[in-house]
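J.: Provided herewith is a single structure, encoded as structure tokens, for subsequent inquiry.
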Amino acid sequence: MELDFLSAFVIGLLGGGHCIAMCGGITTMLTSALPQQINKTPFILSYNVGRIFSYSLIGAIAGLTGSLAIKHLGFPIVTLKIIAGIFLILLGLYIGQWLLWISKVEVIGKHLWQHLSPLSKKIIPIKSVKKSFLLGTLWGWLPCGLVYSTLTWSLASGNAIKGGLIMMFFGLGTLPALLTVSFGFTFIKLLMQNNYFRKTMALLLISYGILTLKFAYTQMF
26 MELDFLSAFV IGLLGGGHCI AMCGGITTML TSALPQQINK TPFILSYNVG
76 RIFSYSLIGA IAGLTGSLAI KHLGFPIVTL KIIAGIFLIL LGLYIGQWLL
126 WISKVEVIGK HLWQHLSPLS KKIIPIKSVK KSFLLGTLWG WLPCGLVYST
176 LTWSLASGNA IKGGLIMMFF GLGTLPALLT VSFGFTFIKL LMQNNYFRKT
226 MALLLISYGI LTLKFAYTQM F
């Protein structure tokens with residue numbers, strides 16, 4: 026399970042370019058909307074803590090769902106691990122822009138997001154760290170193929186606590202990319218958005234997915 030935590034962190038790290046493409050605009054908007062005279066660092070960190078909190082909550086729900094499927098429906102845990110491996114491969118193909126099937130999975134969360142997104146109007150403008158945390162928790166529910174792909178790992182954990190921790194480590198893995206945007210580290214941002222860099226990260230994710238399938242196969246026989 027410790028390997029699953031590390032894997033989730035690496036997935037978040039490798040998906041950094043996708044994070045910038047998906048959430049970079051949101052990050053920039055939230056940062057620029059803060060008053061110029063204040064120290065923005067606590068607000069930026071609070072946004073991200075809120076976001077990771079939501080990821081952890083969703084992961085716990087997925088882990089509990091996996092647990093119920095295993096205990097009450099007799100669903101083999103190795104099957105859930107195979108699903109996680111397949112989604113990781115599809116995620117790599119999506120980030121590499123070779124196959125965009127994962128984008129269809131994002132439709133699942135769009136209906137929920139339509140109900141949650143109007144709540145942001147009650148929080149904006151951001152005048153306190155508490156409000157930035159609350160906005161971050163909403164941000165965590167934004168439909169995202171990278172998040173949904175990693176959630177299959179939480180599902181395969183078969184445990185609410187472990188499922189939540191997997192998504193927490195995933196969220197920590199996404200931090201470098203989004204903090205880079207918030208603090209204006211242009212060079213790193215451009216590197217992560219570079220086509221060759223993105224495709225290299227995509228190939229690593231695909232390799233990781235294949236390795237996951239290999240581990241699952243050895244558990245079956």
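Each residue of the sequence shown is one higher than the last, beginning at 26 in the working numbering.
For every residue, glycine included, the Cβ atom is placed at its ideal position computed from N, Cα and C.
1) Is there contact between the region 75-91 and the region 183-195, where contact requires at least three CB pairs shorter than 8 Å?
2) In angstroms with no decimal places, state the Cα-to-Cα distance between Ile95 and Leu216.
3) Leaving out five residues on either side along the sequence, give the residues of the same chain with a beta carbon under 7 Å from the beta carbon of Trp161.
4) Excluding sequence positions up to five away, which residues of its chain have a Cβ less than 7 Å from the Cβ of Leu200?
5) Take Gly121 as the anchor and find which of Leu236, Val206 and Gly42 has the nearest alpha-carbon.
6) On the DSSP letters alone, give me the boundaries of the alpha helix (DSSP H) that Ser128 sits inside.
7) How would you label Lys106, buried or exposed, when you count the other beta carbons within 10 angstroms and need 16 or more for buried?
8) Between the C-alpha atoms of Ile151 and Val206, what's the straight-line distance to the nearest angstrom?
9) Taking 8 Å as the limit between beta carbons, can you name the residues of its chain near Ile191, skipping five residues before and five after?
T.: Once the coordinates are examined:
1) yes
2) Residue numbering aside, residue 95 sits at position 70 when the sequence shown is read from its first letter. Residue numbering aside, residue 216 sits at position 191 when the sequence shown is read from its first letter. The straight-line gap from Cα to Cα measures roughly 42 Å.
3) Locating residue 161 in the sequence shown gives position 136, counting from the first residue. Strictly speaking, residue 161 in this sequence is Gly, with Trp absent from that position. Ser71, Tyr72, Asn73, Val74, Gly75 and Arg76, listed in sequence order.
4) Residue numbering aside, residue 200 sits at position 175 when the sequence shown is read from its first letter. Within the same chain, Leu200 has close Cβ partners Asn73.
5) Counting from one through the sequence shown, the residue named residue 121 turns up at place 96. Ranking the options by Cα distance to Gly121, first place goes to Gly42.
6) Locating residue 128 in the sequence shown gives position 103, counting from the first residue. It spans Ile127 to Val130 - the alpha helix (DSSP H) in which Ser128 sits, taken as one unbroken run.
7) Within the sequence shown, residue 106 is the residue found at index 81, counting from 1. Buried, since its Cβ has 16 or more Cβ neighbours within 10 Å.
8) To locate residue 151, count along the sequence shown from 1; it is residue 126. To locate residue 206, count along the sequence shown from 1; it is residue 181. Rounded to whole angstroms, Ile151 to Val206 spans 19 Å at the Cα level.
9) Locating residue 191 in the sequence shown gives position 166, where the first residue counts as 1. Closer than 8 Å at the Cβ level, and outside the excluded window around Ile191, lie Asp29, Phe30, Ala33, Gly84, Gly88, Thr175, Trp178, Ser179 and Ser182.
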